[in-house]
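Peer 1: Below is the structure I would like to discuss, written out as structure tokens.
Protein chains in written order, with my numbering: chain A, 33 to 330; chain B, 2 to 383.
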């Protein structure tokens, strides 16, 4: 699939650093405003990457993820000064535990959507390019595993079709019958995958894998725009983590909700985070405007 | 354009690095010595108020060390205060001291005595007769925590225990009028090494002849103390007791004043929920529901008074364990901290949902910072 996103065409190091900063910051920072920024930026970028059909996935897949912790957390966590009522178990239901659950849900959904964006932007070849030389074994394993998943699915479909031709359908009939047929298919594919793994290793060996240094074909060049983006990312990341560690983004949920909200430094840090999160979109929009301007000149 | 952006961002970074000291000014020290003349300046208290923190002011008169615990949030109008304390007399069950200033807020004064008092309830006589609270804790010797207000002479005295708990057996509320019904509800009686218990609220007392532990790992109960009662089910009193029900009453109190003597160990985030005098619930007389255990009562009272309380059931000890009350949890004030309960001056060696209550029982929930040693519930002290 062709990726028309401008940020994806940046050097893998830049895109990887971007996601590294966003992941880390979204996971560590408990400030609800930062979490909301992260979630909305992730959703916006994901829709930007995948188009309108992503909206359905976001709402169907992520809404339960948002609601689930908000329901589960108060059942297990009972700290908090605002006791709403006592649960039948004898422990209190507190407003703070609900708030914390909501925040955890936002964090979970945000980071997961960022991961979805990550897999769209930093593809397996970029990953291997980045880590092929540092951790060769790991990146080979990773790229093989990533390749294996679609192959497995493909093979499963083939086997399923073959079995259907024999009359062992997985689409119709009694539920137990269908499960039985599906399990049979699965067993076939697992056997195939084991055999395939031996084939692959034999093939690699006969092509001389392990006899010398491994090279990789890559067409990534570190250009001037990558340099600028890298500096901006490093600077933004430094501002964020400096402020996070020095407590300018202080937020606490238990036992009572308190935190910094309208301090100038807090707002400034959040603005930096907002800009950083929206960086891929800003870059893409900028490119688009640039392109339109060029076209209008003709 | 990019260069300009870069320069601008680096300037911002520098700016926030420079701004840091202003946004987070150094906080007031956690403990400050009371000056020679006893006057603590208004500026200090203003700063404490701004910090919204807590600071102790310590001093000494004779052998007695004293410590003022002042919460910034409680100071109304900061002014110069004289924090000098004069100890006038000290005995093994009574201490008289005087303070020089009137307070428009209620700081807690901790007196570190040179003697070890017996464990019991302490009562305070204030200069103007207003009731105030006092608690007795300990480190090596006894510590008295008193909430003070007006200037003048205060006397703190140990209240002598007047009645022995076993005598109360005669005062037990009469059995429900339909004992046959209760009997059928209850499971067959379980034999326990230390004696047997009936299934209703009536409890039996240990003669301390038993040696081993019971099946819930409870050591033998000391002589004259009530045996644990294991309820077969959660028994709501049945309809049988409609007219013969006598009003049984208990006194319950919840306090964590020992934290005031161990502020250094306290989890900083819990400072907001710590009551300034350490008392979460003053001794309150409550009506007892037939067959209630200490845990049942605590749970009901916390619900009534809107106090936060979390507990978890431990099957091994067949009892609820109180994890936290008022958002002050176990381990919040050091590794030896947690909640303990005392009934009629005794810390039972079994869980609070196995203690069946009777008319007139005095229940205290106290927070320890030192596995019970600071509140008279240590294993060695028994």
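Even glycine gets a Cβ: it sits at the ideal position worked out from N, Cα and C. All values derive from a computational prediction rather than experimental measurement.
#1: Residues in its own chain within less than 6 Å of residue 47 (chain A) by CB, not counting five upstream and five downstream?
#2: What are the residues of the stretch 93-122 of chain A that lie near chain B, defined by any Cβ-Cβ distance shorter than 8 Å?
#3: Can you tell me whether residue 132 (chain B) is helix, strand or coil according to DSSP?
#4: Check for me: the beta strand (DSSP E) holding residue 281 (chain A) runs from which residue to which?
#5: Decide yes or no for the touch test of the stretch 73-84 of chain B against the stretch 131-141 of chain B: beta carbon pairs closer than 8 Å, at least 3 of them.
#6: Using Cβ-Cβ distances below 9 Å, what residues of the stretch 300-317 of chain B are close to chain A?
#7: Going along chain A in order, which residues have a C-beta closer than 7 Å to the C-beta of residue 271 (chain B)?
#8: Quick check on residue 328 (chain B) - is its C-beta less than 7 Å from some C-beta in chain A?
#9: Given that residue 274 (chain B) touches chain A, what residues does it touch there, using C-beta distances under 9 Å?
#10: If you scan the stretch 253-291 of chain B from start to end, which runs of the beta strand (DSSP E) of 3 or more residues do you find wholly inside it?
#11: I need the DSSP call for residue 318 (chain B), collapsed to helix, strand or coil.
#12: Buried or exposed: which applies to residue 362 (chain B), given that a residue is buried once 16 or more other Cβ atoms fall within 10 Å of its Cβ?
#13: Run through DSSP, which three-state label would residue 88 (chain A) get?
#14: For chain B, check one thing: does any of its Cβ atoms lie closer than 7 Å to the Cβ of residue 196 (chain A)?
#15: For chain B, find out if any of its Cβ atoms is closer than 7 Å to the Cβ of residue 312 (chain A); answer yes or no.
#16: Go to residue 61 (chain B), then tell me how far its beta strand (DSSP E) extends in each direction, as first and last residue.
#17: Does any CB atom of chain B fall closer than 7 Å to the CB of residue 124 (chain A)?
#18: If you scan the stretch 114-175 of chain A from start to end, which runs of the beta strand (DSSP E) of 3 or more residues do you find wholly inside it?
#19: Would residue 104 (chain B) and residue 84 (chain B) be called neighbours here (beta carbons separated by less than 7 Å)?
#20: If you follow the alpha helix (DSSP H) that residue 78 (chain A) is in, where does it begin and where does it stop?
#21: Would you kindly report the start and end of the unbroken alpha helix (DSSP H) that includes residue 347 (chain B)?
#22: For the stretch 290-323 of chain A, which residues have a beta carbon sitting closer than 7 Å to at least one beta carbon of chain B?
#23: For residue 319 (chain A), report the span of its alpha helix (DSSP H) as first-last.
#24: Among A:83, A:173, A:119 and A:50, whose alpha-carbon lies nearest the alpha-carbon of residue 270 (chain A)?
#25: Find out if the Cβ-Cβ distance for the pair residue 133 (chain B), residue 146 (chain B) is shorter than 7 Å.
#26: Tell me whether residue 203 (chain A) counts as near the ligand MN, meaning its Cβ is closer than 6 Å to at least one heavy atom of that ligand.
#27: Could you spell out where the alpha helix (DSSP H) holding residue 44 (chain B) opens and where it closes?
#28: Buried or exposed: which applies to residue 63 (chain B), given that a residue is buried once 16 or more other Cβ atoms fall within 10 Å of its Cβ?
#29: Between residue 297 (chain B) and residue 89 (chain B), what straight-line distance do the alpha-carbon atoms span, to the nearest angstrom?
#30: Residue 224 (chain A) lies in the alpha helix (DSSP H); which residues open and close that run?
#31: I need the straight-line Cα distance from residue 68 (chain B) to residue 232 (chain B), nearest angstrom please.
#32: Using the three-state DSSP reduction, which class does residue 222 (chain B) fall into: helix, strand or coil?
#33: Given a threshold of 16 other Cβ atoms within 10 Å of its Cβ, counted over all protein chains shown, does residue 325 (chain A) qualify as buried or as exposed?
#34: Output yes if chain B places a C-beta closer than 7 Å to the C-beta of residue 327 (chain A); else output no.
Peer 2: On the basis of the supplied data:
#1: 153 and 154
#2: Contact residues of the stretch 93-122 of chain A toward chain B are 110, 111, 112, 113, 115, 118 and 122 (C-beta to C-beta distance below 8 Å).
#3: coil
#4: From DSSP, residue 281 (chain A) is part of no beta strand (DSSP E); its letter is neither H nor E.
#5: Output reads no: the stretch 131-141 of chain B does not touch the stretch 73-84 of chain B.
#6: 300, 303, 304, 307, 308, 309, 310, 311, 312, 313 and 314
#7: 287
#8: yes
#9: 113, 287 and 288
#10: 280-289
#11: helix
#12: buried
#13: Residue state, collapsed to three classes: helix.
#14: no
#15: no
#16: 55-62
#17: yes
#18: 115-118 and 124-126
#19: no
#20: Counting along the chain, residue 78 (chain A) sits inside the alpha helix (DSSP H) bounded by residues 64-82.
#21: In this chain, residue 347 (chain B) is not harboured by any alpha helix (DSSP H), its DSSP state being neither H nor E.
#22: 295, 297 and 300
#23: Following the DSSP letters along the chain, one finds residue 319 (chain A) inside the alpha helix (DSSP H) bounded by residues 311-329.
#24: Restricting attention to A:83, A:173, A:119 and A:50, the CA atom closest to the CA of residue 270 (chain A) is found in A:50.
#25: no
#26: This structure does not include the ligand MN; it has no bound ligands of any sort.
#27: If you look at residue 44 (chain B), you'll find it in the alpha helix (DSSP H) that goes 43-52.
#28: exposed
#29: Looking at the backbone, the Cα of residue 297 (chain B) and that of residue 89 (chain B) are separated by about 44 Å.
#30: 207-238
#31: 46 Å
#32: coil
#33: exposed
#34: no
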